[in-house]
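A quick write-up on the structure given underneath.
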Amino acid sequence: MFDAVVSLYRKLDRPIIEDDVFEYSGEISETISALIKEVQELPEAFGRIEINNRRGSFVDLEYFLPSGGEAAFCNSFSELINRFPSISKGVVPENFYIVEEDWTPFDRVELIKYDRLKNICSLINYLSFLAVSVDSTSSPYYNNLFFAASSGEDGKPKTFVVKTKLFVEMLDFDIKHVNVLKTLVDKKHEGKLHIEERRMIFKSSLADVLSLESVGSDTFLSLIESWDNMIHSYWKNLQSYVYGFSFDKIRTEIAGAEIEYCTRLSSSLSEIAGKLLALPVSLAALPFLSKSQEKFDFLIISIGLTIVTVVILCMVLNQWFVASRLKSSFDLVFEQFSFKLSGYPKSIRGLLDKTLKVVYRQGILLNVIFFIFLVLSFVPVVGALYLAEEKFEFISNVYDMLQATVVSLMIFFRSFF
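Numbered as in numbering that gives the first Met the number 0, the sequence shown ends at 416 without a single skipped number.
Structure, rendered in structure tokens:
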């Protein structure tokens with residue numbers, strides 16, 4: 000609709016506009032004639048055309064342009080902002096024509112000032128969502144957005160007001176990353192991780208950039224001028240929060256890995272401690288073995304002690320291997336942290352160093368303990384061999400028998416060579 004009015008104005012060679020009226024007197028083409036017919040059928044919201052005289056292809060007309068409301072012809076963007084107070088409330092008009100730019104949104108040609116105007120209107124809408132309270136009734140020319148600021152020295156929370164009054168000077172600033180706010184206010188992101196925290200970080204950054212002394216003045220203009228600093232502050236604060244959250248997660252993972260390692264190791268040691276109770280029982284059999292005078296009784300008890308020794312030996316070795324696997328798993332988990340150690344805060348580096356040192360010392364102690372258990376597992380057999388030698392000269396007889404066997408074998412082989 001409104002594009003027909005603009006097309007007619009352009010076809011008439013853009014006559015001078017005075018008091019929202021332009022006049023034309025001269026020859027017209029069939030195209031202009033068709034446009035005149037089209038605009039005559041438009042609602043009055045888009046203006047009114049009066050034909051004073053028409054003879055053939057000659058026409059004398061006046062066009063009373065719309066001055067606001069749904070549509071308007073404006074000499075500049077400054078006039079556009081004044082004619083459409085809704086712009087300062089975040090509403091972007093579509094039916095307008097900028098005379099000095101010879102431009103309308105229907106041209107589908109990008110205009111930097113219009114793009115910046117839309118960005119600012121989007122900013123107003125996003126800020127309205129993030130504000131603690133919005134006053135849209137006190138003035139028809141702007142909204143009052145109330146934001147909470149950090150507490151003052153008296154401990155009482157303070158607020159500051161952003162009056163969204165838009166000035167043409169704001170179009171000189173290219174505010175970027177407005178979509179950052181879109182992410183914060185879009186309802187489809189409500190379930191996104193840490194969205195509330197990100198909103199609070201943005202509000203905090205906004206409070207940092209806008210001085211509390213500017214309350215009552217052009218805080219919105221100050222925000223537009225400081226927008227890059229505000230976004231930089233937001234990203235910096237968000238990065239600090241994310242790093243802090245990540246480091247807390249790392250601390251939790253370190254603690255979890257350490258607890259799991261200690262729990263499994265404790266379970267392994269408890270299991271072997273219970274089974275090693277068989278060792279004192281087997282040692283208690285040695286006095287009975289020393290009193291045995293019959294070789295058969297001595298042999299039966301010795302076989303029993305040997306079986307106990309083999310069982311304890313296998314059990315100790317198995318638990319030693321289990322502890323070694325646990326240590327390897329722990330090292331594998333902590334290897335991912337060790338590679339990034341230089342990028343962690345000092346507190347986490349200290350925690351990792353301390354944990355690794357404790358686990359290393361614990362590994363050495365475990366090896367010593369298992370070695371002692373391994374040695375103790377041989378005590379029953381060694382004791383039985385000692386008593387066998389003392390009572391029956393078992394070792395000497397075995398030695399003599401082996402020596403005789405070796406000599407016999409040597410004589411046997413010599414007979415062939």
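Backbone N, C-alpha and C define an ideal beta-carbon position, used for all residues, glycine too.
The three-state secondary structure of Thr308, taken from DSSP, is helix.
In this structure, Leu209 places its C-beta atom within 9 Å of the C-beta atom of Phe159. For Cys261, the closest C-alpha among the options Lys162, Tyr359 and Trp226 is that of Tyr359.
Going by DSSP, Glu37 is part of no beta strand (DSSP E) but of the alpha helix (DSSP H) stretching over Glu29 to Gln39.
According to the DSSP secondary-structure assignment, Asn143 is paired through a beta bridge with Asp134 and Lys162.
Between the alpha carbons of Lys88 and Ile223 lies a distance of about 15 Å.
In the three-state reduction of the DSSP assignment, Gly25 falls in the strand class, which pools E and B. A contact between stretches requires three or more CB pairs, one per stretch, nearer than 8 Å, and the stretch 86–104 fails this requirement with the stretch 24–36.
A distance below 9 Å separates the beta carbons of Gly382 and Leu304. Counting the other Cβ atoms within 10 Å of the Cβ of Asn178 gives fewer than 16, which makes it exposed. Listed as beta-bridge partners of Tyr96 by DSSP are Phe72. Rounded to whole angstroms, Leu351 and Ser323 show a C-alpha spacing of 20 Å. When only Cα atoms are considered, Pro14 and Ser77 end up about 21 Å apart. With a beta-carbon spacing of about 21 Å, Lys112 and Leu180 fall beyond the 8 Å limit used to define contacts.
Taking the Cα positions, Arg54 is about 35 Å away from Pro104. Annotation for Leu60: the continuous beta strand (DSSP E) segment containing it runs Phe57 to Phe63. In the DSSP assignment, the residues bridged to Asn52 are Asp59.
The Cβ atoms of Tyr96 and Val20 do not sit closer than 9 Å to each other.
With respect to the 9 Å criterion, Asn142 and Val131 are not classified as neighbours on the basis of their beta carbons. The beta carbons of Tyr62 and Gly46 sit about 6 Å from each other, so the pair counts as a contact at 8 Å. Residues Leu41 and Phe45 of the same chain have their beta carbon placed closer than 6 Å to that of Met0, with the five preceding and five following residues left out of the count.
The shortest C-alpha to C-alpha distance from Tyr125 to any of Arg82, Lys202, Leu364 and Phe377 is the one to Lys202. In this structure, the beta-carbon distance from Asp227 to Lys175 falls below 9 Å.
Ser135 and Phe145 have their C-alpha atoms spaced approximately 11 Å apart.
Our two residues, Lys162 and Ser204, have alpha carbons roughly 18 Å apart in a direct line. Rounded to the nearest whole angstrom, the C-alpha separation of Asn118 and Ser85 is 15 Å. In the DSSP assignment, Met199 falls within the alpha helix (DSSP H) that extends over Ile194 to Val208. For Thr103, there is no enclosing alpha helix (DSSP H), as DSSP marks it with neither H nor E.
C-alpha of Asn317 to C-alpha of Phe370: approximately 13 Å in a straight line.
Within the same chain, and ignoring the five residues on either side of Ile230 in sequence, the residues whose Cβ sits closer than 6 Å to its Cβ are His176. Ser28 places its beta carbon less than 9 Å from that of Ser56. Taken through DSSP and simplified to helix, strand or coil, Val378 comes out as helix. In the assembly as shown, Asn52 is an exposed residue. Its beta-carbon has fewer than 16 other beta-carbons within 10 Å.
Assigned with DSSP and collapsed to three states, Glu224 falls in helix.
In this structure, the beta-carbon distance from Ile50 to Val58 falls below 9 Å. By the criterion of a C-beta distance shorter than 8 Å, Ser225 is surrounded in its chain by Val208 and Leu209, once the five residues flanking it on both sides are discounted.
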